[in-house]
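A.B. asks: Numbering (my numbering), first residue to last: 38 to 117.
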């Protein structure tokens, strides 16, 4: 069984026929189905950029947590 991780799904054929309409109407991810199985997920550029920003923030948070136990180092701002 294939799980569709989107609220909206379209077939590859429908996507080819109505790409502009589907992208403009979609609120969130669109699952693109090929033979009734998820083949890809489509996101608006705005949603994708927000997702990338969120992932970058998570990576920064992980790094900050990893460094919390390390001793502090004195740095000169002019050297940065």
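All C-beta atoms in this analysis are idealised placements derived from N, C-alpha and C, irrespective of residue type, glycine included. All values reported here derive from a predicted model rather than from experimental measurement.
Rounded to a whole number of angstroms, what is the C-alpha to C-alpha distance between residue 51 and residue 107?
C.D. replies: If you take the alpha carbons of residue 51 and residue 107, they lie about 54 Å apart.
A.B. asks: Quick check on residue 49: buried or exposed, where buried means 16 or more other Cβ atoms within 10 Å of its Cβ?
C.D. replies: Flag for residue 49 reads exposed.
A.B. asks: Can you give the Cα-Cα distance for residue 117 and residue 81, rounded to whole angstroms?
C.D. replies: One C-alpha to the other measures close to 37 Å.
A.B. asks: Between residue 60 and residue 47, what straight-line distance do the alpha-carbon atoms span, to the nearest angstrom?
C.D. replies: Taking the straight line from one Cα to the other gives about 11 Å.
A.B. asks: Can you check which of these residues, 90, 74, 104, is closest to residue 39 by C-alpha distance?
C.D. replies: The residue with the shortest Cα to Cα distance from residue 39 is 74.
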